[in-house]
Every structure is written in structure tokens, then in C-alpha cells.
Amino acid sequence: MYIKFFSMDRKKEHSRHLAQRRRNLENLEYENLSRVLPVHQAISGSLLNKTKILRLAANYLKLKTLLHSSLPENVTCMPKSREEKQYDIKRNSLLSCAKFHENAFHFFEPTVKILDVIDGFLFCLDEAATLLYASETISIGFGLSQINLIGNSFLDYLYTSDHDIFCNFLHHLKNMGSNIAAHRLATVELNIVPILGSDNSENSQVVGFAGIAIPLLFQMQLSPNLNSRSFVMMADLDLTIRYMCDETKKYLKCSNIASKLIGTTLYKIIHPNDIYIVRQLHQETLRCGGSRSDYFNILSFPDNSLLTVQVNAAKINKSDRFYSQSPVVIVLVFLIVN
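Going by UniProt numbering, the sequence shown opens with residue 1, and the numbers climb by one from there.
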């Protein structure tokens, strides 16, 4: 009887050792898998669990497939020699995403300045707008780590009212081919290009989208530093001018008629060919709370010479020192280009 119980105890102990060894091996595999994922290693240890590792791994494979399908047939990332096949965690884990970062700026330059992207983030979407990759700086705009965002629909993090607008934007971009397009949401400006297949034909299929999100200035800083090449106006919600700084009068050469411009619409001093740019700025500011315009020309008095500017606009609640009939005003910061 003693031998029988002793044998059963040995079997139970052996089973426990096998189960523990299996769990250790499983945890080791998950740990190795987490090391090769394109996520920020400094924070991954505290946020990753097995479910997230599997989700990130699945989307990482989708990302590699998407990027590989867009490469020419004669381009390969495979090592050429046996020595290069040695397992290097840092080199292999972020190889595809490093290429993605490197090539992304080739697509966007010179439309997007690299300094504008420092506070933004880089992302990649599939055709269904699922987030396949996002740089860790996405946490600045969304307040969530890339670990929690990758694998989810990008639409889940947009305002409901922006869903149809964004889907139509992607659909339009897909039909445009390889052109870059910009779209402004409430807090960021999205610069997106479609990722095409590698057949290099006119009928290349769009397999996904690569994008750079740049935080809009009015969200990052409502009181930007003004240099000698900038001036400020304040207007009502219909862009009726209520205030002009001294620099405005200097650059527009309107010191003598400044009092006449107060109370008139901003559209009056915009070049007729550029009114649509200001109208888009106006609509986005009313809808999103702020916007940044493309370059446009305004008229300088008294000879109607042209001054090329870019405007950052923000809709804010006025303070008591602003003398306006409306409790909400639009502050316009003009940056002179020429």
C-alpha cells in the first residue's frame, strides 16, 4: 500500500513538473515574441499580456504582408549570407517599421516638414481602416499607448460625426491613385498616401494607407510665440473683423483706414482666387474648433499689392478685455511667407 501511494505521489509530482516546464516554455515563447514586435520596448513590459501579444503579432504579420506587397519584385529584405542569419532581436524586430519610417518621409516630402511631425505620429492602415501600426507618439494625441490601439479600427477613435467624412476621404484617396491628400479632424491634420501593389501598372490596387498625423497648432498652444513676420486679428464667428494688432496695420499698410476695416468681413481683403481657401479655414474652425490654412494671398493697401500668408485659427471664449458682441470669437494668427 505504501509503495502504491508513493508511486502516485511521484506521478503527481512528475505531472506538476511537466506542467510547470510547459508554462515556463510557453512564457518564454511569449517573451521572445514580444521582443520582436514593433512596439516601444521601454513600456511594453508593463502593458503587454498574452492576449495583446497575440493581437500585436497578428497585425505585425499583416503589416509585413502589406509592405512586402508594395515592394518591387527585385527588392528583398532577406539576408545574403549565413552570418547575417544570426538572430538579432533589435535588428529584426523593427526592420520593416524602420523601412516604413524611412520611406514614409520620401512619400510626404516636401508637403510635410519633418519638424511638424515631432509632436505627431506615424500610422499605417489597411483598406478597412484597421490600425496596423502606430508610433508610440500617438499617445500624445489619443492618450493611449500604441499597444492598446494597434489592431483596432481607426474609426473607433474619431468623433461619430467624422466617421462618414473620413471613410469618404479614404474612398476618394483610393480612387486618386498615388497622390497625397490632407484631412483635418478636431485635433490633428492627417496627411495620407495610398500604398499600391508592386505590379507597377496603371491598375495597381491600393492595399493600404500610410499616414502622418500632425497636431494642429491651436490645440497644442493657444498663445504661439509671434515673430516679426506675423500678426494677429480677432473676428466674430462670421469673420467680421473686431481687432487688429499694430503689426497688422503695418503689413497691410492700412493705418489710415484701420477704423474702416473694423466691422467689415475678412473676405474683403482676400484675393478673389483664394477665397475658397479662407472659406475652408472658416468652416473647419467652426466645426472643429480650429484649423490651419493653406497658403493664400491677402491684399495690402493702398496699391492692392499681394501678401502671401498662412493662418492658424482658433475658436475660443473671449475674455473681458475683448470688446466683441459675441461671447465666442475666432483668433487668427497670420504667418507671412513671402
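Heads up, the beta-carbon is just placed ideally off N, CA and C, and yes, glycines get one too.
Distance, residue j Cα to residue i Cα
{"i": "residue 267", "j": "residue 51", "result": "55 angstroms"}
{"i": "residue 304", "j": "residue 298", "result": "9 angstroms"}
{"i": "residue 66", "j": "residue 55", "result": "17 angstroms"}
{"i": "residue 19", "j": "residue 165", "result": "53 angstroms"}
{"i": "residue 296", "j": "residue 338", "result": "11 angstroms"}
{"i": "residue 345", "j": "residue 240", "result": "Because the chain spans 1 through 338 in this model, residue 345 falls outside it and cannot be assessed."}
{"i": "residue 310", "j": "residue 128", "result": "34 angstroms"}
{"i": "residue 333", "j": "residue 235", "result": "11 angstroms"}
{"i": "residue 300", "j": "residue 258", "result": "12 angstroms"}
{"i": "residue 29", "j": "residue 175", "result": "43 angstroms"}
{"i": "residue 69", "j": "residue 280", "result": "37 angstroms"}
{"i": "residue 313", "j": "residue 291", "result": "5 angstroms"}
{"i": "residue 194", "j": "residue 24", "result": "43 angstroms"}
{"i": "residue 286", "j": "residue 329", "result": "10 angstroms"}
{"i": "residue 151", "j": "residue 122", "result": "15 angstroms"}
{"i": "residue 37", "j": "residue 22", "result": "23 angstroms"}
{"i": "residue 327", "j": "residue 138", "result": "34 angstroms"}
{"i": "residue 156", "j": "residue 237", "result": "30 angstroms"}
{"i": "residue 14", "j": "residue 53", "result": "30 angstroms"}
{"i": "residue 158", "j": "residue 118", "result": "22 angstroms"}
{"i": "residue 149", "j": "residue 288", "result": "23 angstroms"}
Beta carbon proximity, residue i to chain D, threshold 9 angstroms
{"i": "residue 62", "result": "No chain D appears in this structure, which consists of one protein chain only."}
When the options are compared against residue i, the one with the closest alpha-carbon
{"i": "residue 212", "options": "175, 131 and 14", "result": "131"}
{"i": "residue 302", "options": "291, 276 and 269", "result": "269"}
{"i": "residue 307", "options": "156, 229 and 32", "result": "229"}
{"i": "residue 40", "options": "140, 277 and 136", "result": "136"}
{"i": "residue 336", "options": "250, 215 and 23", "result": "250"}
{"i": "residue 423", "options": "254, 126 and 15", "result": "This structure cannot settle anything about residue 423, because the visible part of the chain is limited to 1 through 338."}
{"i": "residue 144", "options": "47, 254 and 190", "result": "47"}
{"i": "residue 120", "options": "149, 163, 188 and 12", "result": "188"}
{"i": "residue 167", "options": "261, 8 and 209", "result": "209"}
{"i": "residue 242", "options": "215, 260, 252 and 275", "result": "260"}
{"i": "residue 173", "options": "248, 161, 190 and 10", "result": "190"}
{"i": "residue 63", "options": "124, 53, 262 and 288", "result": "124"}
{"i": "residue 207", "options": "170, 14 and 53", "result": "170"}
Delimiting residues of the alpha helix (DSSP H) encompassing residue i
{"i": "residue 278", "result": "275-288"}
{"i": "residue 339", "result": "Any property of residue 339 remains undetermined from this structure, which presents the chain solely from 1 to 338."}
{"i": "residue 250", "result": "246-252"}
{"i": "residue 261", "result": "258-261"}
Assigned exposure category for residue i - 16 Cβ within 10 Å defines buried
{"i": "residue 272", "result": "exposed"}
{"i": "residue 282", "result": "buried"}
{"i": "residue 26", "result": "exposed"}
{"i": "residue 264", "result": "exposed"}
{"i": "residue 147", "result": "buried"}
{"i": "residue 34", "result": "buried"}
{"i": "residue 61", "result": "exposed"}
{"i": "residue 233", "result": "buried"}
{"i": "residue 293", "result": "buried"}
{"i": "residue 31", "result": "exposed"}
{"i": "residue 284", "result": "buried"}
{"i": "residue 49", "result": "exposed"}
{"i": "residue 133", "result": "buried"}
{"i": "residue 244", "result": "buried"}
{"i": "residue 227", "result": "exposed"}
{"i": "residue 248", "result": "buried"}
{"i": "residue 214", "result": "buried"}
{"i": "residue 317", "result": "exposed"}
Endpoints, beta strand (DSSP E) assigned at residue i
{"i": "residue 293", "result": "No beta strand (DSSP E) holds residue 293; DSSP gives it neither H nor E."}
{"i": "residue 312", "result": "305-317"}
{"i": "residue 329", "result": "328-336"}
{"i": "residue 188", "result": "188-196"}
{"i": "residue 230", "result": "230-235"}
{"i": "residue 206", "result": "206-215"}
Which ranges does the beta strand (DSSP E) cover as unbroken runs of at least 3 residues, wholly within the UniProt domain "PAS" (113-177), from first to last along the chain?
-> 121-126 and 131-134
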